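Undergrad:
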Amino acid sequence: MSAAWRARAALAALLAPALLWLGALILLPHVELAVLSLRERIGPQQYAASLSQYKTFFTEPLYWHIFVRTALVSCVATLFTFLATFPIAWIIAKALRGRAGALLFIVCLVPFWVSETVRTLGWMILLRESGVLPSLLVKLGITQVPVEMLYHDATILLGLVYTNMLFMLVPLVSSLESLDDALIEAAYDLGASGWSILRTIVIPHAAPGITAGAIIVFMLTLGNYLTPALLGGKNSEWFTEQIYTQFITRFNWEQGAAFGFLLLGLSTIMVMIGLRLSGQRFGDVMRRT
Amino acid sequence: MSADLFAREVLKRFGAHTAVDSLSFSVERGSFFSILGPSGCGKTTLLRMIAGFLAPDSGDISIGGRSMVGVAPNRRPVNMVFQQLALFPMMSVGENVAYGLARRGVARAERERKAQAMLERVGLANAARKRVDELSGGQRQRVAIARSLVLEPTLLLLDEPLGALDLKLREHMKIELKQLQAAFGTTFVYITHDQSEALVLSDHVGVMNQGRFEQLGTPQELYYQPQTPFVAGFVGANNRIVGRVELLDGDIATVATDQGWQVHGRRHGALSVGDAVEAFARPESCLLGRQSAELPAGLPAHVGIVQSLLFDGANSAVLLEEERTRREFRIALPQTGQFADLKPGEMIRFGFDPQRAAVFPARPGAAGQAG
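Below you can see the structure in the form of structure tokens.
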């Protein structure tokens, strides 16, 4: 056995689990779904190849309205997640450093040891009409009667930002930690104010990290089912719920598969547009995550 | 001459440690001033106080005649060249140089013209569009200086900017820095732990130790007339001999070591017979001779045994031990090649002019240390 052959065999053995995972759990179901989405039921047990599932999405206003709404709310949620996370990341990476910074990082991490369902149910306990916050507002005399705080768009947004903060925090902290303090001091020394240092030095340096965090948060939000369903209830009108309805309630797998592919394709296009607008390269960004 | 930088009783403490201890000094307009000291002597703290990144606990720093108390770094007429240069990697060379002008609100066309003119003056006419990482170490150095000088500061601070360069480039940049300073006429304040940089570049040098200036003077004064044992030991190479005063004759003190070796040198400060002292004799002020007759008449002669030859081109030296006391002594070899054939174990005579050796009262706790 030659050394080169053995090295290749070892490489194949090491790659095998990843390839198996990719093939069996990602590629295979998607091929199956693609086939499903491209056919139409013309009678009992009878199917014909057709694009009608995709046509439904564009001709039926309800579906693409919900999709556009989902995409817009996801964009807003991504922006809010960034705005809420950046100061925390700055404090961890630059203001505290060392042990105190690591401690704050862990404090941010600990909630994620609890399952997403439990965390979201926690929000429901706080916000529902008979929940903690509405009754507190009554006690303080701010409202006369308990207010229902669930099932609003703002509630969905709040839940999404909370759920996704960690995925923004990690790339932001790592990109801010790699920023040399001397650059900030040099800019300050050359006459820059705090705001212009942020704009000309910090943000450009952290841009790949920000973009990486934004892509992850955007994709997770767009594909989230639990948070909109629990916090938004029937009013949430989230696109993943439409997919769920087609598969589970309507038992229309062909339509559900087509919606799934549309979600994948449209979100990919949106990420590409985002990358183009921010002047980032996909390879650079992925290396930062 | 008016002073561009004036410090009065500047003090800075970190907890119980006094980093800068009531320093007062002034730097003349257009001069090159160096602060020379070992690491941890407080020179970086002092520089950061001048730049405005640290506030003194007490005392006052004024720049260009204006007090800087409470003035933020971005509002001081001072710019700094950082140790690792701190060029902005997200910008081109031209944008780096124009950065400060942009912050002042100078219009784009005007700042591009000024940045280009400045790059031309430092010999980088074609670099404006390049990325910072496309430049060599020496070119980056020049960009860092250009980025500061384009703002026409009253004072340019340099924080060991040559530390990261290799030896050859460092020697070259030393000359270049000196020429740049002469060409621009800006007042430079330079901090370094490298005595050769300080001696070559400066008009005036402050030798700093434990938060204070040991001596302030021209490089020649520091080298030929050190005022304290620290300066004698830190500036240039020196042989240090610890002993007690045996005899005082005018300004010459005779010093005897514990084992009874006698050397002579000029006295500094109040000395009386029996005082513990440190004597310093420079390797390059010593003379060698195979026979006593080869040494100038009247020069106190000593006998040594050659231990090793330290060949280093122009800085070659011989390391020998005094015959009776076995004390190590270093002597520079003459460039004539006269003693290049010395062998370890060989007996040799040496001497030095007492006027060019210095005797100081011993520093507390310094008696036992080797020179």
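Heads up: the protein sequence lines correspond to chains Z and E, in order.
Our numbering puts the first sequence at residues 1 to 289.
Our numbering puts the second sequence at residues 290 to 660.
From the three backbone atoms N, C-alpha and C, an ideal C-beta is built for every residue, glycine too.
Small disclaimer: the values here were computed from a predicted structure and weren't measured.
#1: State yes or no: is the beta carbon of E/Q514 nearer than 8 Å to at least one beta carbon in chain Z?
#2: Can you tell me which of the three DSSP states E/M636 falls into?
#3: Looking only at its chain, what residues have a beta carbon closer than 7 Å to the beta carbon of E/V524, apart from the 5 residues adjacent to it on each side?
#4: Buried or exposed, going by whether 16 or more other CB atoms sit within 10 Å of the CB of E/F303?
#5: Tell me E/P650's beta-bridge partners as DSSP assigns them.
#6: With C-beta atoms as the reference, is E/L576 less than 8 Å away from E/G593?
#7: Which residues of chain Z have a Cβ atom closer than 8 Å to the Cβ of E/Q373, listed in chain order?
#8: Within 10 Å of its beta-carbon, does E/D293 have 16 or more other beta-carbons around it, so buried, or fewer, so exposed?
#9: For E/R459, which residues from the same chain have a beta carbon less than 6 Å from its beta carbon, with the 5 sequence-adjacent residues on both sides left out?
#10: Measure the Cβ-Cβ separation of Z/G191 and E/G389 and say whether it is below 8 Å.
#11: Measure from the C-beta of E/M290 to each C-beta in chain Z and report whether the shortest distance is under 8 Å.
#12: So the beta strand (DSSP E) Z/E60 belongs to, where does it begin and stop?
#13: Should Z/W113 be labelled buried (16 or more other beta-carbon atoms within 10 Å of its own) or exposed?
#14: Please confirm if E/D293 has its CB atom under 8 Å from at least one CB of chain Z.
#15: Distance cutoff 8 Å, beta carbons only. Does Z/I210 sit that close to anything in chain E?
#16: Could you tell me whether the region 301–315 of chain E touches the region 338–349 of chain E, using the rule of 3 or more Cβ pairs below 8 Å?
#17: What is the residue span of the alpha helix (DSSP H) that E/Y388 lies within?
#18: For a contact defined as C-beta to C-beta under 8 Å, what are the partners of E/P362 on chain Z?
#19: Judging by CA-CA distance, which residue of E/D547, E/Q548 and E/G532 is the nearest neighbour of E/G554?
#20: Could you check the C-alpha separation between E/C330 and Z/A84 for me, to the nearest Å?
#21: What do you get for E/R429, buried or exposed, if any count of 16 or more other CB atoms within 10 angstroms of its CB means buried?
#22: Report yes or no: do three or more beta-carbon pairs, one from the region 272–281 of chain Z and one from the region 206–223 of chain Z, lie closer than 8 Å?
#23: Could you check whether E/L374 and E/A433 sit closer than 8 Å to each other, using their CB atoms as the reference points?
#24: Quick one, which residues of the region 197–221 of chain Z are near chain E if we go by CB-CB under 7 Å, in chain order?
#25: Could you tell me the boundaries of the beta strand (DSSP E) in which E/F321 lies?
#26: Show which residues of chain Z have a CB atom less than 9 Å away from the CB atom of E/R436.
#27: With H, G and I counted as helix, E and B as strand and the rest as coil, what does DSSP make of Z/I300?
#28: Interface residues of chain E around Z/S193 at Cβ under 8 Å?
#29: What whole-angstrom Cβ distance do E/E573 and E/A621 have, given they're in contact under 8 Å?
#30: Using a Cβ-Cβ distance under 8 Å, would E/L440 count as near chain Z?
#31: Report buried or exposed for Z/V110, applying the criterion of at least 16 other Cβ atoms within 10 angstroms of its Cβ.
#32: Can you tell me whether Z/L198 is helix, strand or coil according to DSSP?
#33: Can you tell me the Cα-Cα spacing of E/G539 and E/L560, whole angstroms?
#34: Three or more C-beta pairs under 8 Å: does that hold for the region 352–364 of chain E against the region 327–341 of chain E?
#35: Counting only runs that start and end within the region 305–357 of chain E, where is the alpha helix (DSSP H) found for 4 or more residues in a row?
#36: Sorted by chain position, which residues of the same chain lie with C-beta nearer than 6 Å to E/G578's C-beta, five sequence neighbours on each side aside?
TA: According to the data block:
#1: No, its Cβ sits nowhere closer than 8 Å to a Cβ of chain Z.
#2: Three-state DSSP puts E/M636 in a strand.
#3: So the list reads Q484, V496, L511, Y512 and P515, once near-sequence residues are dropped.
#4: With fewer than 16 other Cβ atoms inside 10 Å of its own Cβ, E/F303 counts as exposed.
#5: DSSP lists E/V566 as the beta-bridge partner residues of E/P650.
#6: No, they are not a contact pair.
#7: Using a Cβ-Cβ cut-off of 8 Å, E/Q373 is close to D180 and A182 of chain Z, given in chain order.
#8: Buried is the call here.
#9: L451.
#10: Yes; because the gap between Cβ atoms is below 8 Å, this pair is in contact.
#11: Because E/M290 carries a pLDDT of 49, less than 50, the predicted location of this residue cannot be relied on, and the following value inherits that uncertainty. For E/M290, the answer is no, since every Cβ of chain Z falls outside 8 Å of its Cβ.
#12: Counting along the chain, Z/E60 falls outside any beta strand (DSSP E), and DSSP gives it neither H nor E.
#13: Flag for Z/W113 reads exposed.
#14: Not one beta carbon of chain Z lies nearer than 8 Å to the beta carbon of E/D293.
#15: No, Z/I210 lies away from the interface with chain E (no Cβ there is under 8 Å from its Cβ).
#16: Three or more Cβ pairs closer than 8 Å define a contact, and the region 301–315 of chain E meets that threshold against the region 338–349 of chain E.
#17: Note, E/Y388: alpha helix (DSSP H), V382 to R392.
#18: E185, Y188 and D189, listed in chain order.
#19: When only C-alpha atoms are compared, the closest one is E/G532.
#20: Distance between the alpha carbons of E/C330 and Z/A84: 43 Å.
#21: Counting Cβ neighbours within 10 Å, E/R429 comes out buried, since at least 16 surround it.
#22: When C-beta atoms of the region 272–281 of chain Z are compared with those of the region 206–223 of chain Z, three or more pairs fall below 8 Å, so the two segments count as touching.
#23: For the pair E/A433 and E/L374, the CB atoms are nearer than the 8 Å cut-off.
#24: Of all residues in the region 197–221 of chain Z, I201, P204 and H205 have a Cβ within less than 7 Å of some Cβ in chain E.
#25: From DSSP, the beta strand (DSSP E) with E/F321 extends over F321 to L325.
#26: Within 9 Å Cβ-Cβ: A186 and L190.
#27: The first residue shown for chain Z is 1 and the last is 289, placing residue 300 of chain Z beyond what the model contains.
#28: By Cβ distance, chain E contributes N363 and R392.
#29: Separation of the CB atoms of E/E573 and E/A621 is rounded to 4 Å, and the pair is thereby assigned contact status at 8 Å.
#30: Chain Z has a Cβ within less than 8 Å of the Cβ of E/L440.
#31: Of the residues assessed, Z/V110 falls on the exposed side of the cut-off, its CB having fewer than 16 other CB atoms within 10 angstroms.
#32: Helix at Z/L198.
#33: Separation of E/G539 and E/L560 (C-alpha to C-alpha, rounded to the nearest whole angstrom) is 11 Å.
#34: Counting Cβ pairs under 8 Å, three or more are found: they touch.
#35: Note on the region 305–357 of chain E: whole alpha helix (DSSP H) runs with a minimum of 4 residues are 332–340, in chain order.
#36: Only L584 and R638 meet the Cβ criterion.
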